[in-house]
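Structure, as structure tokens:
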Amino acid sequence: MTGQADTRRYPGIGPAARLAFAFLYAPLAVVVAYSFNSGPIVSRWEGFSLVWYREVLERSDVRDAVWVSLRVAVAASAAGTALALLAALGIVAMVRRGSPLAVGFLSTPLLVPEIVTAVGTLSFFVLLDFERGMTTLVLAHTAFCIPFALLPIRARLAELDPAVFEAASDLGASGFRLFRRVTLPLLVPGIVSGALLAFIISLDDYLISAFVAGPTSTTLPIFLFGLIRRGASPLINAVSTLLLLVTVAVLTASYITGKWRKPK
Amino acid sequence: MRVGTRWLASPALGFIAFMVGGPMVVIVWYSLRTRGPGGVGVGDGLTVDAYERLVVTEDFAGNVGFDSTYLEVMWSSILLAAATMLVALAVGFPTAVWISNRPRHLQPLLVLAVTIPFWTSILVRTYAWIVILRETGPLASGFDAVGIDLPRMLNTRGATLVGMVYTFLPFMVLPIYAAAERFDHRIAEAGLDLGATPAVVLRKIVWPSVRPGVVAGCLLVFIPAIGAFLQPELLGGGRSLMIANLIQQQFGASRNWPFGSALAILLLVVVTVVLVVARRAAREARVVLS
Amino acid sequence: GNDDDTQPAQPAQPEQTAEPAATTAPSEPDAPEEPDASDAADGEDAAPQPEEPAEADEQIGGEVNLYNWTDYISEDLLARFSDETGIKVNLSNYDSNETMLATLAAGATGYDVIVPSDYIIPLLIDQDLIQPIDAHAMENAAHIDPAFLDPYFDVGRVYTAPYLYGTTGLAVDTSQVPDPPDSWAEFFAVPEGSHGSIGMMNDQVEVVHAVLRAVGAEPCSTDPGDYALAEELLDGFKSAVSVINSDGIIERMAAGENSIHMEWNGAAYRSSLENPDLVYVYPSDGLTLWQDNFAVPTGAPNFDQALVFINWMMDPANIAEATNWNAYGNAIVGSDAYVDTDLASSPMVVPGSQELSYAAPVESCPIEAIDLYDRLWTSFRS
Amino acid sequence: MVAEGLRIQDVSKTFTAPEGGSVRALDGVSLDVGTSEFVVLLGPSGCGKTTLLRAIAGLEDVDSGRIDLAGERLDTVPPFRRAVNTVFQSYALFPFLTVERNIAFGLEMERRPKAEIRQRVAHALELVELSGFAKRTPAQLSGGQQQRVALARALVKEPKVLLLDEPLGALDLKLRRQMQAELKRIQRSVGIAFLFVTHDQEEALALGDRIAVLNDGRIVQVGTPQEVYESPETRFVADFIGETNLLPVERDAAGTVTVAGQWKLVAAEIVGADEALVAGGDQVVLAVRPERVRIDPGGELRGVVAEAAYLGADVHVAIDMGEGLLINVRTDAQDAIPEVGERVAVRIDPRHTRLLSS
Amino acid sequence: MVAEGLRIQDVSKTFTAPEGGSVRALDGVSLDVGTSEFVVLLGPSGCGKTTLLRAIAGLEDVDSGRIDLAGERLDTVPPFRRAVNTVFQSYALFPFLTVERNIAFGLEMERRPKAEIRQRVAHALELVELSGFAKRTPAQLSGGQQQRVALARALVKEPKVLLLDEPLGALDLKLRRQMQAELKRIQRSVGIAFLFVTHDQEEALALGDRIAVLNDGRIVQVGTPQEVYESPETRFVADFIGETNLLPVERDAAGTVTVAGQWKLVAAEIVGADEALVAGGDQVVLAVRPERVRIDPGGELRGVVAEAAYLGADVHVAIDMGEGLLINVRTDAQDAIPEVGERVAVRIDPRHTRLLSS
Ligand SMILES: Nc1ncnc2c1ncn2[C@@H]1O[C@H](COP(=O)(O)OP(=O)(O)OP(=O)(O)O)[C@@H](O)[C@H]1O
Ligand SMILES: Nc1ncnc2c1ncn2[C@@H]1O[C@H](COP(=O)(O)OP(=O)(O)OP(=O)(O)O)[C@@H](O)[C@H]1O
Ligand SMILES: [Mg+2]
Ligand SMILES: [Mg+2]
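So the sequences go chain by chain: X, L, R, F and U.
Take any residue in the first sequence, note its place counting from 1, add 2, and you have its number in my numbering.
Take any residue in the second sequence, note its place counting from 1, add 24, and you have its number in my numbering.
Residue 137 in my numbering sits at position 153 of the third sequence, with consecutive numbering throughout.
Take any residue in the fourth sequence, note its place counting from 1, add 15, and you have its number in my numbering.
Take any residue in the fifth sequence, note its place counting from 1, add 15, and you have its number in my numbering.
This is how it looks when you write it as structure tokens:
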């Protein structure tokens, strides 16, 4: 038995879910559609054209912003995921009362409103005399990447059979080799989704970035915000559509690779 | 058997202590200072003026008294967050349950599908809503074509809510899905078998079973929603000031850093209270379920 | 679709010595310095390449970190600067003077050139956040319109050099409001046809300035009585407002979504390209004339390059390109020759003397006024 | 009687498997269950037992055939209106309700008066001997107790037929034995029909008034425990219920059967040997239970002891007859246990053998 | 021999339970396992079986006592350097590695040469008859196959002792029987010591050269299957292994025992009746297996048939002797099955009874 109920039996669930998906994707459709607008104003359709894509590719400020954002997101999600991975392993080893405390503490970046974090972090960096730039951006992003990365890694760890680690030890694995040969491969699905989640969140952050970014580190959201200030042009849509394409490609790839790795 | 020692958590704990603790201490410190010269930064003196300004004012006629202007901003942020949470729940609950009822191999794809919109900048997504909702936009034109005249949508509270729900919906769907995925559908069948109609099963069996997910989802939506500012600005016509804007304003045009810090602390206190209350609710849910 | 974003594709039309410029209002037509003859020697292009400094100096190289309003300078212009001087420009952006002030006040370093507006400059000077650059002594300072040589915020141009200037007035769609208001007072009385479709800027300072003018008070008033009147006026006005947002004004006005909107003149010009019914009103009870300037933060790592950049930007042909890109006027005499004719002849970009007489720069308000502003603004928006 | 009970007629159900392809889970199943009968559905994993129960409960729609209860058509009624209730293998108790509220659930759905519910729940709790546990949640109960709550929850609705899907599957042996006796007692005392699914043949024999053996979506034999154990009609039934030696045999025209080339016996001696099997061209096997084979120096069949396992009450001996043919023998542990490697002879009483087509 | 094998001496282990309070999981356990012996650890759930195995494997530290292997102290060596390997109940295979790489894992950890690993893995695959499955991942195997991979993975390391923690617990009955025979075959062919944990007494009897019965962290009896079944030393062992009638008895000063007020027998006749039990003030019970009780009109004990269940090979009859005393009888199904309610007499051969303190 599959243990699955027939949802047709739950009144309204199916239609509501379909509506929700339509709701989620309508704006994306608009973003993509208007990226092909030949006119300069997002909302006024003036015909099909690829000019905005050409402009994306030609404009170095767009490229720079994308590049900064990607570098920050890669660095912060990598650092955040690594810290979260270690933390997840450490939390498992904690006594019962310790672990919820640690988890709660590591989740504080989720709980402190962004604006507070932004202002506080900037002032803090200034106090410490840190020069604002890539480093400060990565530091600030890493902080809020940790709780996002921690979530799926812990979930993965919880669903693992702890006996697998014991089996490895029983078969002669210890220390770093145990970590590399067993722990790491077992946690890969959790690590990948944690890193992806952290990556998205980092890529999308505006407020904190706006405060801690330095002279040469305008991120894409900061740049886009500026563009919108000035009057949005379909350039924004073209940038977003390209990013979306890359995203879907990456996600598809990770889904496919995840599939053959996935036990059972 | 341990796969590591608890010391492995210390780098992350240390980092968070540094990156969250540090700024928080600075904020508290700022809130207790006098204003800097010209209102820029903070000065050297110590004062609780900033906190006083939260509730006391000298009005334009010169009377000193209780003033709720700023507290009202806080309150309307809370209301907006609550409304967002409720609507997101109304949309997210069926969605999560529906996904958990799809064939196993489709579920991860559908969950992914919920998160894909996240990959475009929140600004762009919100902007797309402006395009959709404006009077000359596709929605209005579509209805217009079939002879239905929609009321104005953009720059209304409704539009704000749409944008907020849109932004935070995945935070609601994912935890509820996590709970629903673990839900044993056989107990729903037991309900049917015992004479409960599907609607009753949904209400009396599915709902309480996924409640921990609901609590988690509500928190994950409510808390960041209190600090939201983009959607009321861009979609709501900017006519209702939110606490985040107010804080930003203090660090910007109003040049009152101590007051901005005090507002930030007020916001933190509100969030903490919510968490404490919700923790109790979450614990209840856990006790009943385990 | 001739708008700002497409303009970089068509660089300043080189109508060399064509018409003797339209009314360059704020400037007295005294020193109509034509582009140097020397630029012809450059001969890289058919277009004039009129910068002596770059030519005079050998390429000094290095880089300059420009911290500017978002999308407030064209890429091509910066690229040309780099070509000519060998100085790489790193651009980062801010969205308001206050954001810029906050980041500098918080101790941010690394910027070489910033673009502050008039009222914020005294604060920057007071806080030692910018350093003297003796702009008046720069080679291209000779081009500065004398009217811009001694602004209240930087007498003698010690700290700053002028960039662009403009006004904050009202864009009115005459197809909806056939009888445009002449003053803030009329505007806040909600003109016929505008109820429910009025757009305000999301700008505490500008909006409160305007409402104070409407009640007959001066901007930056510290008299609570003025604010009581203002609050009363706003209470009645609030329901007529459909949106308070500084972003997307051009679009909204172009699409006819708002009948009246507080708008900057350059933006109004760009809206009018999309919506011919649009007029720009200079309220007779006073409007803000704002001026943006270049300045160099204290501790700028590339001081020399910053000076090169600022000087380069004061060259008439170069600054004209900025005007063409942004549709705001500049303070450089002789740049008109390089400015698009449409722009130069538009009353939205270049006000008549009558209109200009209503406009005045506004100093930074004292703290007490700012607190009153904050409270009035907060009550208006909640 | 039948018009009063449950009548299943020619029910079929095909699933499309997620990987594509289709599974015929039920293939023309017909079965009658009397009003107070205890019928056991027995079959290997995947044979369609659960599907049949779910079809009766209304949790699965059938493709064809019909189901009647007490003379009225049942298969068109939605599950929540059928007068049958199910005890699920996983118990499927509501984890967020107390024992009491779990049991009351079904009655609340019927909108019974509060007092009646209270009284009937108390009665049900007594029946399953859990009166002291009313306020606990399922998580605070042992497996056997949970099982009894599930039973009470279904019984309290007083269904016409109670469906039980391997209700004892998760219990350990001792508890299972105990619960079997308990179930039997309860069924007798409430007097309603039980349709009980299991894949444990010993459980089926111990509980059922009748046993329906299911294989591959088809009912292959229905009968009392003695009938299915002593007179299996097919090789499958013989093999599935209890242990069986299935010995390949040769037949000659005269109807004489030779086992393992060593032992001849005439077909008339064999219980299940009908004309068709003896004469037919099919391969046939001789089925004999290990406990009916005796180690006896005078036996007809000779071999070598391959394995001898002491099992407490009895001893299991495997005897190698050569050519890979093993005969399993179960003898009383009081008898001498043969040594591995010892040559022994076995004797089989022809009356305990059956001829089956293979 | 013992110096060569595994010697466990007086090992104790106390856990602090999560709710506070402490659990004495092992309480002075001593046990020797010979070099190629198959020892079964049998005991109810929670008695400490797993804890003992984990202590030997080094996955749990002991509080006191010592463990030696082949004359050398083992309990101070970290788990990854002990020459013992474990087959886990859940198999604990590495899901991301193929069958082959799973088995090779332990050898790779020893940094064996590639060629040797290849050869030993191939050999191990042959041993468990999975040569064709080398490239599959665990998810692509059935439960029984996974179990065999787990076995091969442990065996390939050629440990001195193989520890098996209920390795067959998750398999269904038929497969379980089959794997039991397989395990026994493999143990004989590799010739290393097996320490096998189970709570299934039938499995213990079928597999063990010796059985160690564990209860509440203590070993209560060690012996061959016959010894523990036929001569249980305590009431617990008698009751836990197989079914047993435990009949309350009265004693008089002369040592005569009266069962159920009906049947007198002198202590000398009873196998397990030593002086102490007969004379002592303790409550004693008379233990007798159901298969050793015969329904016989001339029997000494009389009662009424309370239940009679046909179980195929035999019949289980419960006879009510009055005052709530039930005697369970297991008789051959060939005998007549008594009717419920019938009055019958039973006969018990005193040689099959044991006196145990209760
Ligand atoms: N929802 C379903 N979708 C597809 N196939 C199904 C479904 N439910 C059952 N099946 C298939 O139908 C057949 C019968 O399944 P069923 O659950 O009735 O077997 P069962 O006899 O109860 O087995 P078990 O003893 O293992 O519980 C199996 O092959 C099963 O795989
Ligand atoms: N890590 C632990 N912390 C606390 N108590 C434990 C721990 N491990 C085992 N125990 C307790 O020790 C006792 C013995 O447990 P153990 O797992 O050895 O039993 P077992 O005989 O293997 O039982 P089963 O047959 O159920 O597997 C139990 O009471 C158990 O609750
Ligand atoms: Mg089933
Ligand atoms: Mg165990």
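Glycine included, each C-beta is placed from N, C-alpha and C at the ideal position.
Under 9 Å by beta carbon: chain L residues contacting residue i
| i | result |
| --- | --- |
| X:Y208 | S145, I146, L147, L254 |
Cβ neighbours of residue i in the same chain (closer than 7 Å, five flanking residues each side left out)
| i | result |
| --- | --- |
| U:L89 | I82, D83, R97 |
| F:D329 | R345, T346, D347, A348 |
| F:A196 | none |
| U:V171 | I118, G121, L122, R135, V136, A139 |
Of the residues the options, the one placed nearest residue i, counting alpha carbons only
| i | options | result |
| --- | --- | --- |
| L:G261 | L:V300, L:T180, L:F192, L:T58 | L:T180 |
| U:T101 | U:G43, U:G63, U:E173, U:I132 | U:E173 |
| R:M122 | R:L108, R:Y56, R:R141, R:P164 | R:R141 |
| F:R369 | F:L108, F:I342, F:N260, F:I310 | F:N260 |
| L:V234 | L:T221, L:F246, L:V138, L:I211 | L:I211 |
| F:K175 | F:W278, F:P153, F:F209 | F:F209 |
| R:A375 | R:L213, R:L148, R:A224 | Absent from the structure is residue 375 of chain R, since the part of chain R shown begins at -15 and ends at 366. |
| U:L301 | U:E284, U:V274, U:G318 | U:V274 |
Neighbourhood of residue i by C-beta distance below 6 Å, restricted to the same chain and skipping five residues each side
| i | result |
| --- | --- |
| R:F172 | A198, L217, F221 |
| U:N230 | G58, C62, F251 |
| F:F30 | V38, A40 |
Contact set for residue i: own chain, Cβ-Cβ below 8 Å, skip 5 residues either direction
| i | result |
| --- | --- |
| U:T91 | none |
| L:R279 | R59, G62, G63, V64 |
Reduced DSSP secondary structure (H/G/I, E/B, other) of residue i
| i | result |
| --- | --- |
| F:V102 | strand |
| L:W231 | helix |
| U:S157 | coil |
| F:P182 | coil |
| F:K64 | helix |
| U:E87 | strand |
| R:H127 | helix |
Contact set between residue i and chain F, taken where Cβ atoms lie within less than 8 Å
| i | result |
| --- | --- |
| L:I211 | A107, L108, F109, P110 |
Neighbour list for residue i in chain R, Cβ cutoff strictly below 8 Å
| i | result |
| --- | --- |
| L:F275 | E82, A86 |
Per-residue contacts from residue i into chain U (C-beta, under 8 Å)
| i | result |
| --- | --- |
| F:I256 | G327 |
| X:R179 | M124 |
Contacts that residue i makes with chain F (C-beta to C-beta distance below 7 Å)
| i | result |
| --- | --- |
| L:E124 | Inspection of the sequence shows that residue 124 of chain L is occupied by Ser rather than by Glu. What L:S124 touches in chain F: nothing, since even the nearest Cβ is about 16 Å away. |
Any non-hydrogen atom of ligand 6 closer than 8 Å to residue i Cβ
| i | result |
| --- | --- |
| F:E217 | With respect to ligand 6, the structure shown offers nothing to examine, as its ligands consist of ligand 1, ligand 2, ligand 3 and ligand 4. |
Under 8 Å from the C-beta of residue i: neighbouring residues of chain L
| i | result |
| --- | --- |
| R:I109 | In chain order: nothing, as chain L lies at least about 10 Å away. |
Per-residue contacts from residue i into chain X (C-beta, under 8 Å)
| i | result |
| --- | --- |
| U:E181 | Per Cβ cutoff of 8 Å: no residues; U:E181 is ~12 Å from chain X at best. |
- Query: In chain order, which alpha helix (DSSP H) runs of at least 4 residues are fully inside the stretch 218 to 296 of chain U?
  - Reply: 240 to 245, 250 to 255, 290 to 294
- Message: To test your reading of the DSSP string, which unbroken alpha helix (DSSP H) runs of 4 or more residues are found completely within the stretch 242 to 317 of chain R?
- Response: 249 to 258, 287 to 297, 300 to 310
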